[in-house]
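Asker: Submitted below is the structure of interest, expressed as structure tokens.
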Amino acid sequence: MSTSVETFAELGLSESLLKTLTEIGYETPSPIQAECIPILLDGHDILGMAQTGTGKTAAFALPLMETIDIKLNKPQALILTPTRELAIQVAEALQSYAKNLPGFHVLPIYGGQSYTIQLKQLARGTHVIVGTPGRVMDHLERKTLNLDSLKTLVLDEADEMLRMGFIDDVEWILEHTPEQHQTALFSATMPEQIRRVAQKYLVEPREVKIKAATATVAAIRQVYWQVSGLHKLDALTRILEVEDDFDAAIIFVRTKTATVELADKLNARGYAAAALNGDLNQQMRERVIEQLKSGALDIVIATDVAARGIDVPRISHVVNYDIPYDTEAYVHRIGRTGRAGRTGNAILFVAPREIRMLRTIERATRQPIAPLTLPSRADVTNKRVADFKEKVAEVLNAEGLDFFANIVSQIAEEQNVSAEEVAAALAMMAQEGKPLQIAGEDPPPPRAFDKGDRRPASFGDRERKPRFERDGERGERPRFEDRGERPRREDRPPRPAPAGDMVRYRIDVGREHGVEVRDIVGAIANEAGIESRFIGRIGLYEESSTVELPAGMPKEAANALKRTRIRGVPINLRPDEGRPGGGFGGERKFDGERRFGGGERKFDGDRGGFKKKKFDR
Ligand code: AMP
């Protein structure tokens, strides 16, 4: 590990927060936490280069929570994030750290959410605001948000905010906050414009950067699975089951709680698994390692600290179930396999948001990490059947089969069936508890990570879009269809906006499910019987998406869409809280012409673009 700090207590956090961290299972600070927390507790500004997955949220959240005066019912900290998803995630993290701080309130505010609700919540009072720049700016302009008592301002994922065109809003907010406050700016990359903002608004900031250790890990096969469409646990068991040279595995997770939970789940699925975490005393720890060595256990689920120094030659696989905080931790983890001259396998689970860490690891280890195709149901079934046949073949060679052969003949005679049928019934019985065929559907193959994710933030889209072109939600500008490996917007005809009233809906599929705009258009066109030209703007987010459809959707179409799945995931279509126009202005008409410069297509007002025929059947 890149830090010698072993405990949160060494960092100077209060008893109450330390208690919470123990309760939620954080064992040891991540490197970014070890570096940032003391600096922030000392009151310095920070310029931190860190990406998602490094533990940066707790790095800024814990110190700022120490400064909150619960009795003062006013915003004392403001955290700006580029997206609604991140705002919610950060607010949830703060809420979980506030377990032992009765009366603590954190409020996420973002575009797309109804103003009425937000105004009510703001009026009620809160200690911390986590918001997207556009919406925070709106509230400041309208004086519905007062930052007079602000002590801490955090800019999270600053380069993303720049890339999404929010930097002017961010600067506006920085200009309109009281001078006396601590500022922390985190960014995965440090482009010139972010440096400029830091120079202008941060006071003698301490710079914190996670070291990228380089190391060679030649004897280890490294692959990653892009988390999508299937629960990590299901993916894990599928992978472990079909890996050819599987002998024993060590699985890395982040928290003590997760070691225990995963061990329980794997035990329930028939694996000999145990947790290894900092709660175990030395004797218990040694016992687990001995059991792994002897074969009494095949899988150990560990945190980084607990797994230090493990040297068990039969570990054929290391699974990074949760991505490590930094490359050093990665190299350390995968070094648990490929020992004593054997080849090892390292499998990394990567959520779409963690793609940057994957690339950083590849750079640090100077080796590409290949994508892993998730074994299909058929692959798993074939493997199980092959194993079963092998077992049967072994028994066929055993002594004393006559007694059983006789029973089979008796059953065949009594039931008036063939011996083959009896054998089939016995095979069925033999698979009880672990069926040869696995249930459920195969998830669709994940899409390759977008180029947009792979490259460091680029500033080609730095120019601020005119207001009317930006989404009504502003702070929540979705990733529209021009991102990634698809042609850029300027190379393609824009999605023409239908004229007429549109209603915006939300659906529960997003980029993390590997969904693209065309999947949404295709599914809606097919299921609701609506021509694709009548489908309005689509906003693709991480976990969900929005789609604008003509007002007056027939009930049958709505019902059909409720049941629709995209890439195997139920979409649960429902009206979105916000309106296409957004803002305070109430019902605003969707202005196709202004936004798309076209608007020639005429929309069939009577039928709302829905083909009746489909539902007349
Ligand atoms: P972040 O990089 O802030 O998005 O954090 C990524 C994940 O790591 C979150 O799920 C956190 O709950 C988890 N995490 C952060 N710090 C720690 C820690 N010290 N120990 C265990 N898990 C942590």
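Just so you know, the sequence shown maps onto residues 92 to 708 in this note's numbering. Heads up, the beta-carbon is just placed ideally off N, CA and C, and yes, glycines get one too.
(1) With distance defined between alpha-carbon atoms, name the residue in V379, G361, A326 and E419 nearest to L463.
(2) Taking all protein chains shown into account, decide if N368 is buried (16 or more other Cβ within 10 angstroms of its Cβ) or exposed.
(3) Applying the 10 Å Cβ sphere with the 16-neighbour rule, what's the burial state of N358?
(4) Per DSSP, L236 forms a beta bridge with which residues?
(5) Can you tell me the Cα-Cα spacing of D160 and V245, whole angstroms?
(6) Identify, in the order they occur along the chain, each residue of the same chain with its Cβ nearer than 8 Å to the Cβ of L371, setting aside the five sequence neighbours on each side.
(7) In this structure, does DSSP put Y188 in helix, strand or coil?
(8) Name the one or two DSSP bridge partners that Y315 has.
(9) Within this structure, are the beta carbons of R329 and P466 separated by less than 8 Å?
(10) I'd like to know whether the C-beta atoms of K190 and T98 end up nearer to each other than 8 Å.
(11) Under 8 Å by Cβ, that's how I've got G144 and R175 pegged, so tell me the actual separation to the nearest angstrom.
(12) Where are the alpha helix (DSSP H) runs, 4 residues long or more, that stay fully inside the segment 386 to 414, in chain order?
(13) Using a Cβ-Cβ cut-off of 8 Å, state whether D325 counts as contacting chain B.
(14) Distance check for I390 and M593, CA to CA, integer angstroms please.
(15) Please confirm whether any heavy atom of ligand 1 lies closer than 7 Å to the CB of R345.
(16) What does DSSP give as the partner residues of M593 in its beta bridges?
(17) Can you name, in chain order, every residue of its own chain whose Cβ lies under 6 Å from the Cβ of P173, other than the five neighbours on each side?
(18) Using a threshold of 7 Å, is the CB atom of Y117 nearer than that to any non-hydrogen atom of ligand 1?
(19) For V483, count neighbouring C-beta atoms within 10 Å of its own C-beta (all shown protein chains included) and say buried if the count is 16 or more, exposed if not.
(20) Assuming contact is defined by CB atoms lying nearer than 8 Å, are N663 and D610 in contact in what I supplied?
(21) Kindly identify the DSSP beta-bridge partner or partners of A168.
(22) Cβ-heavy atom distance between G222 and ligand 1 below 7 Å?
(23) By the three-class DSSP mapping on this structure, what secondary structure does M252 have?
(24) Distance, Cα to Cα, D259 vs E603?
(25) Which whole-angstrom value describes the C-beta separation of G605 and G320, a residue pair presumed to lie in contact below a C-beta threshold of 8 Å?
(26) If you run the structure through DSSP and keep just helix, strand and coil, what is G630?
(27) So, L236 versus L213, is the Cβ gap smaller than 8 Å?
(28) With a threshold of 7 Å, establish whether the CB of A182 neighbours any heavy atom of ligand 1.
(29) How would you call L108, buried or exposed, if buried means at least 16 neighbouring beta carbons within 10 angstroms?
(30) Should A619 go down as buried or exposed, given a rule of 16 or more other Cβ atoms within 10 Å for buried?
(31) Opposite N508 in the DSSP bridges: which residues?
(32) Sort D470, Q142 and T418 by Cα distance to Q458 and report the nearest one.
(33) DSSP three-state label for P122, please.
(34) Following the continuous alpha helix (DSSP H) through F151, name the residue where it begins and the one where it ends.
(35) Using 7 Å as the cut-off, classify the Cβ of T145 as near or not near the heavy atoms of ligand 1, replying yes or no.
(36) Under 7 Å: does the beta carbon of T418 sit that close to some heavy atom of ligand 1?
Answerer: With the structure as the only source:
(1) A326
(2) buried
(3) exposed
(4) Answer is none; L236 lacks a bridge partner.
(5) 18 Å
(6) V379 and A397
(7) helix
(8) L439 and P462
(9) yes
(10) no
(11) That pair is no contact at about 20 Å.
(12) none
(13) Of the protein chains in the structure, only one exists, and it is not chain B.
(14) 53 Å
(15) yes
(16) P641
(17) E248, E251, M252 and M255
(18) yes
(19) exposed
(20) no
(21) V219 and T243
(22) no
(23) helix
(24) 28 Å
(25) 7 Å
(26) strand
(27) yes
(28) no
(29) buried
(30) buried
(31) This sequence places Val at residue 508; Asn is not what is there. V508 is not bridged to any residue.
(32) T418
(33) helix
(34) K147 to E157
(35) yes
(36) no
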